[in-house]
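Below you'll find the structure, written out as structure tokens, and then a few comments.
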Amino acid sequence: MSNMKTYYSNINNFKDSTQEMAGAGFEVRYASFLERISDERKEHLMRFKNEDDRLRSMAGTLILTYIINNIHKDDIKESSILESNDAIFLLEGVKENDFSDLTNPIFPLNITSEESGKPYLIDAPDIRFSISHSGLYAAVVVTDSSECDRIGIDIQAKDRKDILKIAKRFYTEFENDLIARAESDLEKEDIFYQIWSVKEAFIKCNGKGLSYGISNFNADIERELITDLEGNVLATLKKQPCPDGYVCYVCTQ
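Position 9, counted from 1, in the sequence shown is what full-length UniProt numbering calls 9; the numbers after and before it change by one each time, with no gaps.
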């Protein structure tokens, strides 16, 4: 996955950049960002009632737009990023002026979905991407068809309660054994979130959604594989560098 990059942005960056309009409605406060995404994506994010949910969705779309329109350029602004291995952290968010000189014909992005709901780019069919958001962060992974046929990303904030009860209800015997072998409560928690992120990433990757069932496959985080319950390999995994308090995985087929 040498061409793969993962990008993150904190939604507070968008709030901070529009602080002078804090009392305005969402579409007014974030108008300069919303005009840079397609009507379909705008309609999608406006279905959310909560402002932070809308911001997470908007941030993911804007990051993807920024990446795709600069994918063959070297002008991603160094002052706005911190690069670490395979991850790029957009420390100051994707600001309005980052879009001021875009002339690429696939701007804004023409995103549609398969019957399963998995999104793809009509004008750039060789691009593979996935978007996730949790807590304060939106995460986007981008690669191309030379690397994989399908890709899924999931970022998880480590903020759930009763994680062992959740694991017993939704995780496989194999996965619960991984947690049980952990030597400390902190390690158990870490493994729980890794498995949860892997499961979400695989569901996005395979394009079948939750109908596939989250207990019908094993998240083998030690071997970085997804297997069926008989041990047959279904997909590969890669843990991503990510912000503190979060875990993020990418799954490819």
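All residues carry an ideal CB built from backbone N, CA and C; glycine is no exception.
Check	Outcome
Quick one: measure Cβ to Cβ for I63 and A138, integer angstroms, because I've assumed they're closer than 8 Å.	6 Å
Going by the beta-carbon positions, is the gap between H133 and G231 smaller than 8 Å?	no
Can you tell me the Cα-Cα spacing of V250 and P119, whole angstroms?	16 Å
Using 8 Å as the Cβ pair cut-off and three pairs as the minimum, do the region 134 to 153 and the region 179 to 193 touch?	no
Would you mind sorting T252 into buried or exposed? The rule is 16 or more other CB atoms within 10 Å of its CB.	buried
Can you grab the Cα-Cα spacing for the pair Y246 / I11, in whole Å?	15 Å
If K238 sits next to E224, beta carbons under 8 Å apart, how far is it from one beta carbon to the other, in whole angstroms?	7 Å
Contact between the region 165 to 181 and the region 202 to 209: three or more CB pairs below 8 Å?	no
Are I151 and S130 touching if we call contact CB-CB under 8 Å?	yes
Give me whichever residues DSSP pairs with P119 in a beta bridge.	S113
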